[in-house]
Every structure is written in structure tokens, then in C-alpha cells.
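Remarks on the structure that follows.
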Amino acid sequence: MADSWIAAIAARMRARAAGLLISVMLLVPSSARAIEQTTCESLRVFGGAAVNVALFPYTYTGKDRRQDLSEAARNISLLVQLDVLGAARYGSIGITRVLGEDPVVCDPKRLLGVLRRGEASGPHGELRAGGGVVALWGQFFETAGTLYVQSYLSFFRHQMSEDLELPLTTPAGDLEFIARLPAQQVAFRPRPVEFADLENINRIFYETSTIREAPDPSAPPVQAEPFDVQDFAYGVEFAGDGWLRLIPYADLPEGYVRLGGETSNFLKRLLPELSLLDAVVGYLTHRVANESEAFEFTPAPDIPVLLERSSENYREVVDAREEPLPVTLAYALPAAAQLLDVVYHREESLEAAGAVLEGLDSAVELLPDNADLLNIHAIARTILCCSTGSELGTAAGIEGELHRAMVVAPANPRVVTTLENLYQLLMRLPDRGELLSQSDLEQRITSLENLRHR
Amino acid sequence: MVHAICAVVLAWLAATAGSSAAQCPGPGSTDKKVVFGTPSLESGTLPAQQDVATLVDQLIFAFEFERERLWVEHPDEPITFVTCDGDRLMTRVELRRQADDLYHQGVLLYVRSLLSIRSHDSSTEREALIQYASVPVTFLGQTQAPADGLYGRRIAIGGGGDYLEAFIQPRDTDAYIAIGLGLRYADERKYDLALSNLCRAGRYLSDLASDPAVPLQPPQRAALEELRLFIDAWLANIVRDGHDLPGAETITYLTESLGGAFLLNPCIGGT
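Right, dumping it as C-alpha cells:
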């Protein structure tokens, strides 16, 4: 029975997403991956990319203005740019490295505002509605002789709510659950940096930033340090054996750069949050591919699986107690992707929903005061428990979780909707055992409707 | 001689503080805000200037990062985070005297710190005290329940680099901000929001009190317990008095659905 209503859900969502099959000829980069460099004053993006990653400057703001730190802060974003590019396997991505030192112009709050208002454009137009945007920034600082690097991450889709709409056809009729991720901005814990790491950053930067004529380390350089060229923009193709082929959009040399395993391993240790960034890119790509018509690209077929792998890589190497919100996000992203996948495509994937629940259990334990996390957890539990009544014993627990979410965030309409849907489902069950009577359920549904409209 | 050295250091501190714009609360600003004060130096100590410079730098950075974290993790909170230069620790008497003004200037929390460095023949003792002044607790506690609103943590600074992490615990600031918000919302008759924030605060305080990694002296522990009781009293008032009033729609719904169980446990297992 559960399978049948899940099938109906999927059918409805397929109808909704049918527009995606219409090919839209828009200005998209010829490559599914592109990189560019710009400044804080003139922030640019790839309008045609399903997901844009903006790497704001890493800063060093110590009073001493140490040269090696300032240089490392500037150079690390290129390594991050190439690393994110190397990891990108979801379908369509543009990565912009933003340079600048003016703390006012490069203030992340200001830059995020520019992106959110859609004021950044580029060689391929402005951000399109529904396109994903991820921003990463950070700073180096020194305390008691130890150097740290700290990063921040923010993401959204342009002109589109990040809510997950989950329309379900159930024995109680068509119900729509609405969920939201527990966070769209996170601060990571400061991570210690060895002073030798600074030398590594700068050394790898100079090694990496040489474009060669052929995918061969002995091939002559086409141009040394092209990454210092203002406003460069390249389409990128993988050329095998860790090499990238750079195809210029403007009057710049074509050639190859190498992504070394050394860079990747080094950055994984220094900035494990890059794995979470990759998961965010996967999540956004999944949503863009299934919900936005303005993008033409071929998404990877197994995005939820890929992004779970990246999330797991992040979760495995950090201490959840030290950075609970990012870790919670690392549980919630794959869970959300799986829930959406049930709706988008896979009518048979109740098993996946079960796997979702396992991750969310851990997340709720870690952050029990996040209403949207409680809500998405309750939705997954409701889908599993209450369509057939086979696990009715958990219904009271779900109700308690939603009551708690109401206390945590009284104005959260998504929580009210889930509770109302739960009661609707329970009303249709022939045998509710010790649970609420029909009249109690009716009264609560009426009260919730009143609450929603106040 | 001691006075001369202190004067030099304090002058240096003032110069450092002057490098960033002062945003101290003042008349006319009523936005809800959290104020981070510049670290001050205990008067009468004999500091080594380099030591002080390093410590002040570290604390300023730590506060800046804490402010950034709060901004990033709570983008929708109607709170601004400001820095205020040249502050020193407040006494209870001073806080009570200023609470009225600060409350009406929207201050939820004042975070200040004091560095104490004493040189002996062969060694230097360094200690830092962080002080959280919860203005709403002081302002509302004067008439409605006994609570002074001044909380602190003292930590000896060793040679290692981890003391800042022990010193500035995100949960401290999260808890005191939630308390300040909850009490202000209660005072503004936004009962649902008051309930939400005070429940959150209660949980953070419980976490704090039970965390073996957080060094708390018995007086600090007792002050936190008193604060928890103060919060519990407010929670009981909110759910009792708010029922059926505007701003208490969720409380009303939960009271009618859960009855006495909700009145007994308004955070629904949350604290």
C-alpha cells in the first residue's frame, strides 16, 4: 500500500518536472565546468552554470601583516578553486575566485548581498532563477604561537526558496509536507595550520599555476601564473591523469594544468570542510536538475549517493561536538536529497527513506533544538510509519517531536503543516489503538488551522 | 614605577582600542544588541608589555570570530553584534545602576574581559576573567525575582594555545543571548518567542553545567543554578499568564492539547 502512494507521488512530481525535458537554448558555457577570477569590486558569476561557487578572499588580518600569511591567504583560494573543480562531478559548475584586500569591499556580508540580489553577472549573463550559489570564505589568525584557519559557508538558490516541497498521495488524500534544511550558513571550527603548511600552500600554488602546452609536466609553459590575470575565465575539461584542459573564453592562452593528488590530500587535511562544500554542490545540482527549467545540462545519475559520500568524508574527520551545526548539515543534505529523490524518481525507494532516517537520528541527537531538523526528521518518520499503521507506536513519538519543534520555533509553518498531516493520516486508520480519538483529532486539526491563519 | 608602567600599557591599550570604531551603546539606539568590550587590564598589576599586547590581540580576535560565528549561524535573529572600546569589568552595583539605561538601549548581553598578569622573581602568572552581564536579567530580576545578571569565568593562562577555546565557549554566549532575548520577548508580551528562547537557554545552561571540559568553580556553578531556577520561574509565568493572549498562540494550542503535562514541562523535554 505504501508503495502505491509513493508511486502516485512520483507521478505527480514527474508531471511537475516535465518542463525539464524541453530544451532551452540559452547562453550556457560550452563546458559544464568553468573557472574565473574576479575582484570584490566587480563580482562575476557564470549565468549558465547550474551551481556557482564563489570563493571570497581568505584574509589575514593580524596587526603584523605577515607577508607569508598574507600570501598564503591569497593563494589558498586558487588551490581550493582547483580542488573543488577536480571534485566536481555532478554536472554543471562555475567556480569564481574573488580577489581583494579591502575589508569593506570584500566584507562577506556585502558580497553575499550582491549575490543574493542577483547583481553579479559575467560573460554568460546574470544568475538565473533557481541556480545554486555557494560561497566559501575564511581567515587566518594566530594565537599563542599557533596559526589557525577558519572557514564559513553559505548557500542558496537564486530567487527560489530552499524549502523542500514533498507532495504525497496517501490514504488520507493528497498531502504536501514542507521541509527546510537545518542551516544554509555555517561557521567551521578553526583548524590549526603548521607553519610548514604555509610554505606548501605557496609552493603548490606556483607549481599549479603554470599552464602548459600539453598534459605533460615537461611540456613548455604557455604562460606562467596566468591566474594573476585579471578577469580571466576558462571552460574546463578533464584531460585524464589529473590534467585539466583550460579553454579560454577571452583572449587568453589555451593549455593544461595539473591537479596533483598532493594538493587534494593537503587540502583535505587543512580544510576538511571542502568535502561538505562538495556535498552542498551536489545537493543544489540535484535540485536544479529536477526543479529548474532554465539550465541545460546532464546531471550525474546518482547524485544522492555521491553527495552522501562527500558528507560522510566530512563527518568522519571532524569532531561533531565541536561543530554541531555543520555536522548536522552533513547528515541533513543527503537525507533531503534522498527524500526529494523519492518524490522525483524512485517510487520504490522506501528503503532509501529508511536510510535517511538513520542519518537524521544522529543529527537530531546532536542538535535537538533545531525546529527544521526536527521537522524533516518527523516527516521521514511519518512517511515510514503512518501510511499503513504498521508502526503506529511511533506516532505518539512523532507528535511529541513536532510539539517540541513548535516550542523551539513557534512561528514555523512547516512544523504546523507536518503535525496537521500526521493527524490527517491517523484519522484514516481504522484501528488507532490507544491513540487520540476521532473527535480529538478533528479538534486538533481545527486548532492547527486556526494557528496557521493567525 | 609600577604606576608608570601601567600608564604606558594602558595608553597602549587605548591606542589599540582607538584603531577600530567605537560602537558602544548610547541613547537613541534601541535595536537588540550584544556588546563585546575590549579586554581591560587589572589595575595595580605589573605587566610585561609584550605579554599584554599578545593577550589583548588574542582576545580581540576571539571576540571577533565569536561575533562572526553568531552572525553566520543566526542570520535571522534580530540582533546586532557590536564592539565597544575601552571597557572594564562591571561590578554588581554598577550593573544595577546602569541596567535601566542599558535595557532601554536594547542591550541583551555585555561581554567584557579582564587580563591579570603578575610578575614574580622568576615567573609570570597570567589569568583572564570573562564576564557576561545579562542586562535583562538584572533589569527584570530587580523586581520580579532575585538574580543579579553578572556571570563569569576565570581561567589561568598557561603556555599552550588552547586556553582561548576553554575561555570563550560558544555555548556561553548562545545561552546568555537566548536568556536576554527570552526575557525581553516576555516583557514585550511575545510569549511564544519568550518560551522558545528561554527553553533554548535552559538547555545550553544544562549542557554547560554538565560539561567536564568547562572549568567552573563552585560559586560559578551556584550562580548558573540560580539562573536556571530564575528561568524556570519565568517559564512557569509565561505559560500560565500567556494562555489565550495575542503572541501566545502556540502556548495556547499546546496548553489545550496537552493540558497539565505542558504546564509542568513547558519545554517538552527540552531542558
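The listed protein sequences correspond, in order, to chains A and B. To convert a position in the first sequence, counted from 1, into the working numbering, add 84. To convert a position in the second sequence, counted from 1, into the working numbering, add 8. Even for Gly, the Cβ is constructed at its ideal location relative to N, Cα and C.
Give me the Cα-Cα distance between residue i and residue j, rounded to the nearest whole angstrom.
i       : j       : result
P226(B) : Y159(B) : 13 angstroms
T181(B) : L117(B) : 8 angstroms
D191(A) : L183(A) : 12 angstroms
T123(A) : K41(B)  : 32 angstroms
F270(B) : S446(A) : 26 angstroms
A384(A) : R173(A) : 7 angstroms
A334(A) : A194(B) : 60 angstroms
T230(A) : P274(A) : 11 angstroms
A209(B) : G149(B) : 16 angstroms
E400(A) : S521(A) : 45 angstroms
S523(A) : E102(B) : 58 angstroms
E155(A) : G114(B) : 41 angstroms
N349(A) : N459(A) : 37 angstroms
E297(A) : N374(A) : 39 angstroms
E518(A) : Y140(B) : 48 angstroms
D84(B)  : Y340(A) : 44 angstroms
L105(A) : I467(A) : Confidence at L105(A) is low in this model, with a pLDDT of 26, below 50, so its placement is unreliable and no value can be given for it.
A92(A)  : L423(A) : The predicted model places A92(A) with a pLDDT of 38, which falls under 50 and marks its position as unreliable; any figure quoted below should be read in that light. Looking at the two C-alpha atoms, the distance is approximately 15 angstroms.
I246(B) : S204(B) : 11 angstroms
Just to confirm my understanding: we take residue i, look at its own chain, exclude 5 residues before and 5 after, and list those with CB closer than 7 angstroms. What are they?
i       : result
L525(A) : Y507, L510 and M511
L391(A) : A363, G366, Y367, L417, P418 and A421
A29(B)  : Low confidence applies to A29(B): its pLDDT is 40, below 50, so where it sits in the model is not reliable, and the reading given next is rough at best. Cβ within range, chain order: n/a, list empty.
D258(A) : P251
F261(A) : L250, L252, I463, T501, T502 and N505
E210(A) : G131 and G202
What residues from chain A crowd round residue i, counting only those whose CB sits closer than 8 angstroms?
i       : result
D200(B) : P494 and A495
V80(B)  : Y236, S238, Q269, V270 and A271
S204(B) : V491, V492, A493 and P494
R208(B) : D453 and V492
R134(B) : Per Cβ cutoff of 8 angstroms: no residues; R134(B) is ~11 angstroms from chain A at best.
R77(B)  : A271
Which partner residues of residue i appear in the DSSP bridge assignment?
i       : result
W79(B)  : Bridge partners of W79(B): none, in fact.
V182(A) : T122(A)
W242(B) : Answer is none; W242(B) lacks a bridge partner.
L237(A) : L220(A) and V270(A)
Q139(B) : R120(B) and G160(B)
V135(A) : I177(A) and G216(A)
G319(A) : A118(A) and I331(A)
K41(B)  : T88(B) and V115(B)
G206(A) : G209(A)
T253(A) : D258(A)
F225(A) : Y232(A)
T347(A) : In the DSSP output, where bridge partners are listed per residue, T347(A) has none listed.
P276(A) : Y232(A)
T143(A) : Q223(A)
R104(B) : R104(B) pairs with nothing; no bridge assigned.
Quick one: which chain B residues come within Cβ less than 7 angstroms of residue i?
i       : result
R512(A) : Chain B residues near R512(A): none, gap ~20 angstroms exceeds 7 angstroms.
R528(A) : S265
L409(A) : E81
What does residue i touch in chain B if you count any residue whose Cβ is under 8 angstroms from its own?
i       : result
S531(A) : Y261, E264 and S265
Q234(A) : F73
H242(A) : Here the premise fails: no neighbours, minimum Cβ distance about 17 angstroms.
G484(A) : I276 and G277
For residue i, which residues of its own chain have a beta-carbon under 6 angstroms away from its beta-carbon, when the five flanking residues on both sides are left out?
i       : result
D240(B) : none
R161(B) : I138
Q121(A) : R181 and F316
Rounded to the nearest angstrom, how far is the Cβ of residue i from that of residue j, given a contact under 8 angstroms?
i       : j       : result
D403(A) : L354(A) : That belief does not hold up - the Cβ atoms of D403(A) and L354(A) are roughly 16 angstroms apart, past 8 angstroms.
P494(A) : T258(B) : 4 angstroms
V135(A) : T369(A) : 5 angstroms
L457(A) : P299(A) : So it is not a contact: roughly 45 angstroms between Cβ atoms.
S302(A) : S359(A) : The pair is not a contact, with the Cβ atoms about 33 angstroms apart (cut-off 8 angstroms).
R342(A) : G326(A) : 6 angstroms
A256(B) : G250(B) : 3 angstroms
L123(B) : L232(B) : Wrong, their Cβ atoms sit about 24 angstroms apart, outside the cutoff.
F130(A) : G178(A) : 3 angstroms
M490(A) : L262(B) : 7 angstroms
Which chain A residues sit within Cβ distance under 7 angstroms of residue i?
i       : result
E257(B) : L535 and R538
G277(B) : R488
Interface residues of chain A around residue i at Cβ under 9 angstroms?
i       : result
I187(B) : Residues of chain A passing the Cβ test: none, with the nearest at roughly 14 angstroms.
C32(B)  : The contacting residues do not exist; C32(B) stays about 21 angstroms from chain A at best.
R211(B) : P452 and D453
Would the beta-carbon of residue i be found less than 8 angstroms away from any heavy atom of the ligand MG?
i       : result
T382(A) : As for the ligand MG, it is missing from this structure, which has no ligand bound.
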